[in-house]
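Q:
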Amino acid sequence: MATVLGIIAGGGSLPTTVADNARSLGSRIVGVGFAPDTDPSFPNHCDEFIWLKLGQLGRLVDFFTQHGVTHVVMAGPINKPRALDLRPDWRAARLLLSLRTRGDDALLRAVGAELEKEGMLLVGPHHFSPDMHTPAGLLTRRPPDKREQQDIDLGWSVAEQLGSLDIGQCLVIREGIVLAVEAIEGTDATIRRGGTLGGPGAVVVKRPKAGQDRRLDLPAVGLETVQTMAEVGAGVLAIEAGQTLFFERQKAVDFADRHGIAIIGRHVGPLI
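Under our numbering, the first residue of the sequence shown carries the number 6, and numbering increases by one thereafter.
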C-alpha cells in the first residue's frame, strides 16, 4: 500500500520541500495549514488540503483519518505568541488539561501521541530533506577566535541545561555573559534582542533540547538567521551538526563570508 503522508504545515519553505520530496518517492500528500503562518502556495503541493485554526485538533485528526493518512510530519514553525490565543476544541482542551507543562516539547509530544492513537506513524521532516542537514566542522572561511570559542563552549552547556527544562533552542552570548535566551519570540527575535543588548561580536548558539523528539521539532537555521546576525553585528553561529536543518545553506555561508561571520557545525552526537 502506498504511503499517504499528512503534513502539519507551519511557516517557511520546509513544508513544501517535504511535500515535493515525498511525492517524488511516490507518497500521496494530505496537508493541513494555519493562516497566516503557512505559505499560501503550500496547498498547490498537496493532493488534499484544509485550512484550520490553531486548537482544532479534532478536525485535524478527522481530516487525516478521512483521507487515509498513514504517516505524519510536522514541518515549519508556528507563531508562538499567536498560539497563546488559540481556542481549543474538545479534543485539544482535553489534551491541554492533561499536561503538567505547556512547553513546546511537551505539547508536541502530546499532539504526536494523539495521532499515534489513531494508527498514524510520526516521522521527522529530515527523512524528506537529507540535503538540509548541517555538516560537521567549519562551514565558513573565518573560524571562531579564542574568545568566541569560549563563548560557544559556555553557550553549549547553558543550552543543554535550559533544554532539559523545555526552554528554547537558541541563546546569545558575548564575553561569557548570556544576553538572550529564546522563549516565545523565536530565533530571529532572540538574536536581535541579544545583539541589541550586547553590541557587535555576540555568539549565537542553537541546538536541540536534551531528550527532544527529533520527529517533532528539529532545530533549524537558514539565510534569514545569518542576515539577522549581520543586522546586529553578531559574529558566530554555532549549531549542532547532524541535528539541525540548514535552509539555503550555501547562500547563508556565502553571505556569512562576505560579512565576516563564522559558522560552525559542532558534532557531539549521532548524525541523523
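Note that CB positions come from ideal geometry on N, CA and C, so glycine has one too. None of these values were measured; they are calculated from a predicted model.
With a floor of 3 residues, list each beta strand (DSSP E) that falls wholly inside the region 231-266, ordered by position along the chain.
A: 241-245, all fully within the region 231-266.
Q: Determine the direct distance from the alpha carbon of Val-128 to that of Phe-260, and round the result to whole angstroms.
A: On the sequence shown, position 255 is the one that residue 260 refers to. On the sequence shown, position 123 is the one that residue 128 refers to. Whole-angstrom Cα-Cα distance: 32 Å.
Q: Can you tell me whether Ile-189 is buried or exposed? The criterion is at least 16 other CB atoms within 10 Å of its CB, across all chains shown.
A: Indexing the sequence shown from 1 puts residue 189 at position 184. Ile-189 comes out exposed.
Q: Classify Pro-275 as buried or exposed, calling it buried when 16 or more other Cβ atoms lie within 10 Å of its own Cβ.
A: Within the sequence shown, residue 275 is the residue found at index 270, counting from 1. Legend: pLDDT at Pro-275 = 49, less than 50; position of this residue unreliable, value from coordinates given subsequently. Its Cβ having fewer than 16 others within 10 Å, Pro-275 is exposed.
Q: If Pro-20 and Gly-81 are in contact, beta carbons under 8 Å, what's the gap, nearest whole angstrom?
A: Counted from its first residue, the sequence shown places residue 20 at position 15. Counted from its first residue, the sequence shown places residue 81 at position 76. So it is a contact: roughly 5 Å between Cβ atoms.
Q: Are the CB atoms of Phe-54 and Val-66 nearer to each other than 9 Å?
A: Looking up residue 54 in the sequence shown gives position 49. Looking up residue 66 in the sequence shown gives position 61. Result no, Cβ atoms of Phe-54 and Val-66 do not sit closer than 9 Å.
Q: Looking at Ile-244: is its Cβ nearer than 9 Å to the Cβ of Phe-252?
A: For the purposes of this step, residue 244 is taken as residue 239 along the sequence shown, with counting starting at 1. For the purposes of this step, residue 252 is taken as residue 247 along the sequence shown, with counting starting at 1. Contact: no.
Q: How far does the alpha helix (DSSP H) with Leu-102 in it extend, from its first residue to its last?
A: Working through the sequence shown from its first residue, we reach residue 102 at position 97. From DSSP, the alpha helix (DSSP H) with Leu-102 extends over 95-102.
Q: Quick one: residues in its chain with C-beta nearer than 6 Å to the C-beta of Ile-277, no 5 flanking neighbours on either side, listed in chain order?
A: Counting from 1 along the sequence shown, the entry for residue 277 is found at position 272. For Ile-277, the predicted structure reports a pLDDT of 47, less than 50, and the residue's modelled location is therefore unreliable. The matter cannot be settled from this model.
Q: Going straight from the alpha carbon of His-272 to that of Trp-95, what length do you get?
A: As a working mapping, residue 272 is identified with position 267 in the sequence shown. As a working mapping, residue 95 is identified with position 90 in the sequence shown. Near 43 Å, if we compare the C-alpha coordinates of Trp-95 and His-272.
Q: Out of curiosity, what's the CA-to-CA distance linking Met-6 and Gly-31?
A: Position 1 of the sequence shown holds residue 6. Position 26 of the sequence shown holds residue 31. For Met-6, the pLDDT reaches just 42, beneath the cut-off of 50, and the residue's location in the model is therefore unreliable, leaving the point undetermined.
Q: Quick one: what does DSSP say Arg-147 is sitting in, helix, strand or coil?
A: If you number the sequence shown from 1, residue 147 lands on position 142. Looking at Arg-147 - three-state DSSP - the assignment turns out to be coil, as it is neither helix nor strand.
Q: Could you tell me the distance, in whole angstroms, from the CA atom of Arg-263 to the CA atom of Gly-73?
A: Residue mapping note: residue 263 aligns to position 258 of the sequence shown, counting from 1. Residue mapping note: residue 73 aligns to position 68 of the sequence shown, counting from 1. Taking the straight line from one Cα to the other gives about 48 Å.
Q: Apart from the five residues just before and just after Phe-133, which ones in its own chain have a Cβ nearer than 6 Å to its Cβ?
A: As a first step, residue 133 must be located in the sequence shown, where it is residue number 128. So the list reads Val-23, Asn-26, Ala-27, once near-sequence residues are dropped.
Q: Taking the beta carbon of Gly-124 as the centre, do at least 16 other beta carbons fall within 10 Å, making it buried, or is it exposed?
A: Here residue 124 refers to the residue found at position 119 of the sequence shown. Under this definition Gly-124 is an exposed residue.
Q: What does the alpha-carbon distance come out to for the pair Cys-51 and Val-9?
A: Along the sequence shown, read from residue 1 onward, the residue named residue 51 stands at position 46. Along the sequence shown, read from residue 1 onward, the residue named residue 9 stands at position 4. Cys-51 and Val-9: Cα-Cα distance of roughly 11 Å.
Q: Taking the continuous beta strand (DSSP E) assigned at Leu-10, which residues delimit it?
A: Numbered from 1 along the sequence shown, position 5 holds the residue referred to as residue 10. Here the beta strand (DSSP E) through Leu-10 covers 9-14.
Q: Could you check where the beta strand (DSSP E) with Leu-184 kicks off and where it finishes?
A: Taking the first residue of the sequence shown as 1, we reach residue 184 at position 179. That run of the beta strand (DSSP E) goes 182-186.
Q: Can you give the beta carbon distance from Asp-156 to Gly-173, rounded, assuming they're within the 8 Å contact cut?
A: The residue given as residue 156 occupies position 151 in the sequence shown. The residue given as residue 173 occupies position 168 in the sequence shown. The Cβ separation is near 17 Å, so there is no contact.
Q: Between the Cα of Thr-139 and those of Leu-223, Arg-147, Leu-184, Ala-118, spot the shortest distance and give me the residue it belongs to.
A: The residue given as residue 139 occupies position 134 in the sequence shown. With distances taken between Cα atoms, Thr-139 lies closest to Leu-223.
Q: Could you give the residue range of the beta strand (DSSP E) that holds Gly-36?
A: Mapped onto the sequence shown, residue 36 falls at position 31. Here the beta strand (DSSP E) through Gly-36 covers 33-38.
Q: What is the DSSP secondary structure of Leu-59, reduced to helix, strand or coil?
A: Numbered from 1 along the sequence shown, position 54 holds the residue referred to as residue 59. Of the three classes helix, strand and coil, the one that applies to Leu-59 here is coil, per DSSP.
Q: Which class does Leu-176 belong to by DSSP, given the choice of helix, strand or coil?
A: Here the question's residue 176 lines up with position 171 in the sequence shown. Note: Leu-176 maps to strand in three-state DSSP.
Q: Between which two residues does the beta strand (DSSP E) holding Ala-80 run?
A: On the sequence shown, residue 80 is found 75 positions in, with the first residue counted as 1. First-last of the beta strand (DSSP E) with Ala-80: 76-80.
Q: Could you check the C-alpha separation between Ala-225 and Thr-249 for me, to the nearest Å?
A: Position 220 of the sequence shown, counted from the first residue, corresponds to residue 225. Position 244 of the sequence shown, counted from the first residue, corresponds to residue 249. Whole-angstrom Cα-Cα distance: 5 Å.
Q: In angstroms, rounded to a whole number, what distance separates the CA positions of Gly-199 and Gln-71?
A: Here residue 199 refers to the residue found at position 194 of the sequence shown. Here residue 71 refers to the residue found at position 66 of the sequence shown. Distance between the alpha carbons of Gly-199 and Gln-71: 46 Å.
Q: Among the residues of its own chain, which have a CB less than 6 Å from the CB of Val-186, if the five just before and after it don't count?
A: Within the sequence shown, residue 186 is the residue found at index 181, counting from 1. Gly-173, Leu-176, listed in sequence order.
Q: With distance defined between alpha-carbon atoms, name the residue in Ile-268, Arg-33, Leu-126, Gly-17 nearest to Ile-83.
A: In the sequence shown, residue 83 corresponds to position 78, counting from 1. Closest option to Ile-83, Cα to Cα, is Gly-17.
Q: Taking the straight line between their C-alpha atoms, what separation do you get for Gln-255 and Leu-102?
A: Within the sequence shown, the letter at position 250 stands for residue 255. Within the sequence shown, the letter at position 97 stands for residue 102. Spanning the two alpha carbons is a distance of roughly 44 Å.
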